Amino acid sequence: MIYKDIISTENLLNSWSEFVRGKKNKKDDVDIVSLVKEGNPEATDHKCPYCSVVHEFKASRARKCPDCSKKMIVRQGLFITEDQAKKLEKKI
Ligand SMILES: [Zn+2]
């Protein structure tokens, strides 16, 4: 009875799924950032990946570059080109 009170099945399941989720998220973040850097070593959160103009706004979502009008894609907070994004999807 004492054993059953301390470790219930519900608690075991909760801690296991938290463990799996936490571990997975951490690993994915690290891997994707290094893949982004592999596809575009110059990628930053301010620079256009096409014309290399440094913008005042930060990479938060995909948008057109005001200078060259090409679509900048955002991955892991970094601006990359559409081609680089497509190659990245294949690696993931
Ligand atoms: Zn540009």
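In the working numbering, the protein residues as written are -9 to 82.
Here a beta-carbon is modelled for each residue, glycine too, at the ideal position from N, C-alpha and C.
Just so you know, these numbers come straight off a predicted model, no measurement behind them.
Spatial neighbours of residue i in its chain, beta-carbon cut-off 7 Å, leaving aside the 5 residues before and after
| i | result |
| --- | --- |
| N29 | The sequence shown places Gly at residue 29, rather than the Asn named in the question. Same-chain partners within the cutoff: I70, Q74, K77, L78. |
| A33 | V26, K27, P39, L68, F69, I70 |
| K61 | A52, K54, E72 |
| K81 | L25 |
Three-way DSSP call (helix, strand, coil) for residue i in this model
| i | result |
| --- | --- |
| K77 | helix |
| V43 | coil |
| K48 | coil |
Cβ-based burial, residue i [other Cβ within 10 Å; buried from 16]
| i | result |
| --- | --- |
| C38 | buried |
| V26 | buried |
| I63 | buried |
For residue i, the first and last residue of its enclosing beta strand (DSSP E)
| i | result |
| --- | --- |
| I82 | Run containing I82: none; DSSP gives neither H nor E here. |
| R65 | 61 to 65 |
8 Å contact criterion, which residue i and residue j should meet: CB distance rounded
| i | j | result |
| --- | --- | --- |
| G67 | A49 | 6 Å |
Nonlocal neighbours in the same chain, by C-beta distance under 6 Å from residue i, ignoring five residues either side
| i | result |
| --- | --- |
| C58 | Y40, C41 |
| F47 | none |
| H45 | H36 |
| I22 | Q66 |
| V43 | D57 |
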